[in-house]
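In what follows, a single structure is set out as structure tokens and then discussed.
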DNA sequence: TCCTTCTATGCAACTCGTTGCATAGACAAG
DNA sequence: CTTGTCTATGCAACGAGTTGCATAGAAGGA
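Residue numbers (our numbering), protein chains in the order written: chain A, 74 to 261; chain B, 74 to 261.
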């Protein structure tokens with residue numbers, strides 16, 4: 074279970090409430106890890122009762138009070154231990170690949186629309202990443218020497234960019250293949 | 074839940090028992106979908122009682138009898154319906170990206186070993202895919218015109234190959250970045 | 001004024017997925 | 001002769017993740 078560790082990293086980067094974490098999981102961290110607010114609140118509570126996190130009630134004006142969590146010594150130790158353990162898996166779940174193979178037993182025109190839709194999603198996401206890269210990592214380029222945290226965030230983002238580019242090229246390959254099949258073998 | 078649909082596709086490609094499906098999920102289909110035998114047996118039972126699949130008891134010699142499942146009309150209809158629905162998500166879970174960002178708060182040497190290990194895994198997997206491609210998709214190239222199912226399986230495999238290549242290149246980028254950080258900023 | 005949206009937290013119920021364990025016959029190696 | 005591996009199926013328990021719903025004050029627009 075790495076959700077705990079993702080939360081530890083995020084809170085080390087900047088302390089925050091469950092709500093704020095949920096927002097981060099929709100953005101920067103969400104590029105490579107998804108979580109709903111339910112999961113986050115539940116796990117935060119458990120981590121706090123396990124002594125991994127500290128809480129601080131922060132009263133606010135014009136909006137509800139929030140609980141700001143930060144990483145305690147135990148939490149930092151737990152993260153460090155996890156960083157030194159090997160991890161496995163990256164369990165793959167590619168619905169689209171299932172669909173592509175399934176298209177052999179069905180009308181391929183539905184597949185074409187689906188693939189085009191996915192291509193659009195990945196294309197938009199790529200544009201979003203590139204905009205974020207411009208904004209976050211090329212602004213004060215000559216000014217401050219970028220710190221380690223920034224460099225590491227940047228290389229993760231570059232991974233996202235490479236993934237989207239690769240995916241778009243592959244989806245084009247899929248489209249070309251399906252069209253070729255449709256042209257050369259009009260009957261099912 | 075697309076496990077049902079992955080099973081339908083696999084059984085359409087070739088009927089088989091739960092055990093055989095589990096083996097396939099370790100290989101070809103496992104390239105883009107993982108499932109344990111527990112999940113498979115449980116889902117097969119449910120799908121059969123829902124009328125999506127038919128069963129046939131096959132006695133065998135020298136080994137236990139097996140239940141060979143095949144797709145019933147209802148199952149085929151369910152698959153067809155799913156193929157015509159849009160799907161979302163591809164929910165991302167990249168433990169390694171969490172670790173990379175976490176390395177900003179820890180000794181990066183552990184990260185280097187981990188990244189090198191992953192690079193090896195992906196490199197092996199790429200070699201495995203390429204061997205599979207040679208074997209399955211370039212053998213009788215000029216002889217028979219490849220059918221739609223084969224072409225679609227091939228394009229899925231090409232996706233896996235592109236993914237591994239991209240990942241290896243990215244891991245090299247990660248390694249270069251971490252080394253650069255270690256060289257330029259020897260103190261934490 | 002009412003409706004929606006945003007911040008902020010949480011419960012309850014459910015499904016999905018993993019892990020550990022059990023059975024059981026056949027076969028091969030030590 | 002015992003141990004281990006392969007085929008083949010399955011139960012029980014747990015943990016992870018999703019969905020629906022609820023509360024509640026503040027702000028802004030129709």
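Even for Gly, the Cβ is constructed at its ideal location relative to N, Cα and C.
The three-state reading of DSSP puts residue 124(A) in coil, since its state is none of H, G, I, E or B. Nearest CB-CB separation between residue 113(B) and chain A: not below the 7 Å threshold.
For residue 140(B), there is no enclosing alpha helix (DSSP H); the residue is found in the beta strand (DSSP E) stretching over 139-144. Of the other Cβ atoms in all chains shown, 16 or more fall within 10 Å of the Cβ of residue 174(B); this residue is therefore buried. Listed along the chain, the chain B residues whose CB falls inside 8 Å of the CB of residue 151(A) amount to none; the nearest CB is some 11 Å away. With fewer than 16 other Cβ atoms from the protein chains shown falling within 10 Å of its own Cβ, residue 154(A) counts as exposed. If the five residues before and after residue 152(B) are omitted, its C-beta is found closer than 8 Å to the C-beta atoms of 78, 81, 82, 85, 144, all from its own chain and listed in chain order.
Within the stretch 172-250 of chain A, the alpha helix (DSSP H) runs of at least 4 residues that lie entirely inside it are, in chain order, 181-210.
Separation of residue 195(A) and residue 166(B) (C-alpha to C-alpha, rounded to the nearest whole angstrom) is 17 Å. Taking 7 Å as the threshold, the shortest C-beta distance from residue 174(B) to chain A falls below it.
Using a Cβ-Cβ cut-off of 9 Å, residue 134(A) is close to nothing in chain B; its nearest Cβ partner there is about 32 Å away. Exclusion of the five residues before and after residue 116(B) leaves 76, 77, 80 as the residues of its chain whose Cβ lies within less than 7 Å of its Cβ. Interface flag for residue 78(B) against chain A is set, since a Cβ pair is found closer than 7 Å.
For residue 131(A), DSSP records a beta bridge to 139(A). Against chain A, the beta carbon of residue 159(B) has neighbours under 7 Å at 187, 190, listed in chain order. For residue 80(A), the uninterrupted alpha helix (DSSP H) segment begins and ends at 76-86. Within the DSSP secondary-structure output, residue 106(A) pairs in a beta bridge with 166(B). Taking the Cα positions, residue 250(A) is about 9 Å away from residue 221(B). In the DSSP annotation of this structure, the continuous segment of the alpha helix (DSSP H) that includes residue 91(B) starts and ends at 91-97. Inter-segment contact for the stretch 177-195 of chain A and the stretch 102-118 of chain A is absent: fewer than three beta-carbon pairs are separated by less than 8 Å. In this structure, DSSP gives residue 101(A) a state outside helix and strand, which the three-state scheme calls coil.
When C-alpha distances from residue 102(A) are compared across 98(B), 140(B), 106(B), 170(B), the shortest belongs to 170(B). Look at residue 197(A): its C-beta is not under 7 Å from any C-beta on chain B. CA-CA distance, residue 159(B) to residue 131(A), rounds to 43 Å.
Under a 10 Å Cβ-count criterion, residue 172(A) is classified as buried, with 16 or more other Cβ atoms of the shown protein chains found around its own Cβ. Against chain B, the beta carbon of residue 239(A) has neighbours under 7 Å at 235, 236, 239, listed in chain order. Excluding the 5 residues flanking it on each side, residue 248(A) has same chain C-beta neighbours closer than 8 Å at 185, 188, 189, 192, in chain order. With 16 or more other CB atoms across the displayed protein chains lying within 10 angstroms of its CB, residue 90(B) is buried. Contact with chain A is absent for residue 211(B), since none of that chain's Cβ atoms lies less than 7 Å from the residue's Cβ. The residue from 104(A), 134(A), 99(A), 92(A) with its alpha-carbon nearest to that of residue 141(A) is 92(A).
In this structure, residue 198(A) keeps its C-beta atom at 7 Å or more from the C-beta atom of residue 163(A).
Shown here for residue 239(A): not one same chain residue has a beta carbon closer than 6 Å to its own, the five before and five after excluded.
With the criterion set as a beta carbon lying under 9 Å from some beta carbon of chain A, the members of the stretch 80-99 of chain B are 81, 82, 83, 85, 86, in sequence order.
Cβ neighbours of residue 88(A) within its own chain (closer than 7 Å, five residues either side excluded): 141, 142, 143. Listed along chain A, the residues sitting closer than 9 Å to residue 177(B) by beta-carbon distance are 82, 85, 86, 220, 221, 222, 223, 224, 225, 226.
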